[in-house]
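Read the structure below first, then the notes.
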Amino acid sequence: MSDTDEPRHIRVVYPEPLQPNLSRDVASYVKRIVAFERRIELENKGKACVYAEARLAGLDAAALKTAVRVVLSLKDSNAENLNGLGKTVKDYLDLALAKQGHEGSK
Numbered sequence: 148m149s150d151t152d153e154p155r156h157i158r159v160v161y162p163e164p165l166q167p168n169l170s171r172d173v174a175s176y177v178k179r180i181v182a183f184e185r186r187i188e189l190e191n192k193g194k195a196c197v198y199a200e201a202r203l204a205g206l207d208a209a210a211l212k213t214a215v216r217v218v219l220s221l222k223d224s225n226a227e228n229l230n231g232l233g234k235t236v237k238d239y240l241d242l243a244l245a246k247q248g249h250e251g252s253k
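Pasting the structure below:
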């Protein structure tokens, strides 16, 4: 732009307010997500109650949580059965604990 050119005007475009349908959609999404969050919160409280009941029954909560994780992840394992998975898990724990300076289970 040279000194003789007239300055160009910049047009500022502001976003339009939410359309009525979009506002209704946002409200619907928020309402549905809140319902899911409330159910998740209730389920987590229920799970905590089961763990507390297990502790009162004298069960080891950490072992119980581990058993739950194994059951949930067994289908994703390459092991043919629980014994194979157990050996793999033991090997991994021995490696992980050795790196942390702990003595692995032998």
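So that you can map any letter, position 6 of the sequence shown is 153 in this note's numbering, and since no number is skipped, the others follow by simple counting.
Ideal placement from N, C-alpha and C gives every residue a C-beta, glycine not left out.
Tell me the rounded alpha-carbon separation between residue 232 and residue 204. Counting from 1 along the sequence shown, the entry for residue 232 is found at position 85. Counting from 1 along the sequence shown, the entry for residue 204 is found at position 57. If I take the Cα positions, the gap works out to 28 Å.
Roughly how many whole angstroms lie between the Cα atoms of residue 170 and residue 193? Taking the first residue of the sequence shown as 1, we reach residue 170 at position 23. Taking the first residue of the sequence shown as 1, we reach residue 193 at position 46. Their Cα atoms are separated by approximately 35 Å.
As assigned by DSSP and simplified to three states, the class of residue 206: Numbered from its first residue, the sequence shown carries residue 206 at position 59. Three-state DSSP puts residue 206 in coil, outside helix and strand.
CA-CA distance, residue 211 and residue 181? Position 64 of the sequence shown, counting from 1, holds the residue named residue 211. Position 34 of the sequence shown, counting from 1, holds the residue named residue 181. Computed Cα separation, rounded: 30 Å.
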